[in-house]
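In the UniProt record's numbering, the protein residues as written are 1 to 302.
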């Protein structure tokens with residue numbers, strides 16, 4: 001099944017989403033920079049999420065900070081033209097793809113609503129639904145995503161500062177194919193635009209894949225990202241989370257009921273695993289920081 005690009009994907013979702021964007025842009029004038037402790041001065045933040053729960057799994061604590069307008073753009077949200085029963089949907093308790101997408105859109109709205117986050121659903125077909133998986137078809141998707149990310153940034157170009165976060169990659173043995181596509185599209189845009197003064201680009205540690213990466217190698221992720229993303233230099237930054245932030249992250253993860261069910265079938269309590277992983281990501285020389293998330297700001301080498 002070929003992937004057809006829509007120049008402005010969120011317009012299909014109508015007035016509520018357009019009003020959401022209007023609200024975000026209006027809030028820009030009312031917000032203030034992030035506190036210096038977080039080390040991320042910005043007016044608006046955009047997180048690129050391959051699937052509905054990925055942003056919260058990876059950056060739910062950061063999202064709970066609630067100090068600036070926050071947008072999550074989720075890419076793989078499209079229904080197949082005909083209902084399908086894929087393995088992950090079955091694990092999640094759904095009868096078919098139609099039910100899965102309808103419920104997951106609602107779960108996402110509830111989860112993001114907890115932190116006042118605005119949603120953009122980009123309508124690409126999930127890997128489990130794509131019949132055509134050739135290098136050529138994947139490249140078409142990648143090019144379309146690159147254009148869509150650029151369009152999102154252009155939409156908010158009036159903001160004084162925009163920070164955009166994309167998923168890290170960990171090699172083909174670990175990284176999900178959909179996550180790899182979003183990563184690569186983000187990389188292309190960052191390489192082109194990272195010198196722009198009002199834009200800051202960050203890779204986030206994509207959980208749970210980052211946990212598998214750290215268990216499989218002693219190579220720091222910063223080094224791996226530099227090797228894989230030629231032309232960009234990543235710099236690690238630790239984001240300390242308050243007890244309230246980590247608790248909000250866990251609650252937001254649990255709002256994705258179907259996904260918790262699927263992970264549970266596989267023997268994982270994904271919300272508690274995310275909590276435990278965050279407890280390993282702090283600078284141990286500063287014991288007051290109980291939980292942390294880690295991002296990697298990237299700059300052009302040109």
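Yeah, the Cβ is synthetic: ideal placement off N, Cα and C, and Gly gets one too.
{"Query": "Simplified DSSP state of residue 253, which is helix, strand or coil", "Result": "helix"}
{"Query": "Per-residue DSSP class, three states only, for residue 97", "Result": "helix"}
{"Query": "8 Å contact criterion, which residue 142 and residue 178 should meet: CB distance rounded", "Result": "Contact doesn't hold; Cβ gap of about 11 Å is too wide."}
{"Query": "CA-to-CA distance, residue 240 to residue 290, given in whole angstroms", "Result": "8 Å"}
{"Query": "DSSP beta-bridge partners of residue 292", "Result": "240"}
{"Query": "Continuous beta strand (DSSP E) stretch holding residue 72: start and end", "Result": "70-74"}
{"Query": "Rounded separation between residue 125 and residue 150 - CA only", "Result": "20 Å"}
{"Query": "For residue 95 and residue 163, the rounded distance between their alpha carbons", "Result": "38 Å"}
{"Query": "Under 7 Å between C-beta atoms of residue 77 and residue 123", "Result": "yes"}
{"Query": "Nearest-angstrom beta carbon gap, residue 118 and residue 70 [assumed within contact, 8 Å]", "Result": "7 Å"}
{"Query": "Sub-7 Å separation of residue 259 and residue 53 beta-carbons", "Result": "yes"}
{"Query": "Span separating the alpha-carbon of residue 242 from that of residue 188", "Result": "34 Å"}
{"Query": "Where the alpha helix (DSSP H) through residue 166 begins and ends", "Result": "Where residue 166 is concerned, there is no enclosing alpha helix (DSSP H), although the beta strand (DSSP E) it sits in stretches over 162-167."}
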